[in-house]
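Residue numbering for the sequence shown follows my numbering, beginning at 123 and increasing consecutively. Reading through the structure tokens given below for one structure.
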Amino acid sequence: MQLKTFFFAMTALQRKELAHKAGTSVGHLTNACYRYTTLNAAVCVALERESNRMVTRQELRPDDWQSIWPELSADIPAP
């Protein structure tokens with residue numbers, strides 16, 4: 123699921139709580155929904171966790187997730 127779909131299905135309070143749990147702001151997440159900014163690795167991990175994997179790191183960082191999290195690649199077995 124895209125971050126935009128997930129995020130805007132929430133109430134304003136839920137968005138604020140999600141941002142807090144992810145260690146960022148509602149504004150930063152809103153900008154990320156529209157691809158105006160890129161989320162850092164720690165925020166991506168937190169969003170994946172807080173969304174119960176409805177939003178994944180691969181979706182949040184489609185261009186470089188394999189270099190950040192090589193263990194997620196199907197070609198590389200997890201340790």
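Quick reminder that beta carbons are idealized off the backbone N, C-alpha and C, glycines included. These numbers were taken from a predicted model, which means no experiment stands behind them.
Residue i, buried or exposed, once every other Cβ within 10 Å from all chains shown has been counted against 16
i: PHE129; result: buried
C-beta atoms of residue i and residue j nearer than 7 angstroms
i: VAL148; j: ARG137; result: yes
i: MET132; j: MET176; result: no
i: VAL167; j: THR146; result: no
Distance between beta carbons of residue j and residue i, contact taken as under 8 angstroms
i: ALA144; j: LEU169; result: 5 angstroms
Other residues of its chain near residue i: CB distance less than 7 angstroms, five sequence neighbours each side excluded
i: ALA141; result: SER147, VAL148 and LEU151
i: ALA153; result: Before going further, note that residue 153 is Asn rather than Ala in the sequence given. Cβ within range, chain order: THR159.
i: ILE190; result: ALA163 and ARG183
The ligand HEM heavy atom lying under 6 angstroms from the CB of residue i
i: PHE130; result: Of the ligands one can find in the structure shown there are none, so the ligand HEM has no counterpart to examine.
Close beta carbons around residue i, own chain, < 6 angstroms, minus the five adjacent residues each side
i: CYS155; result: LEU125, LYS126 and PHE129
i: TRP187; result: ARG179 and GLN180
i: LEU161; result: ALA154 and LEU182
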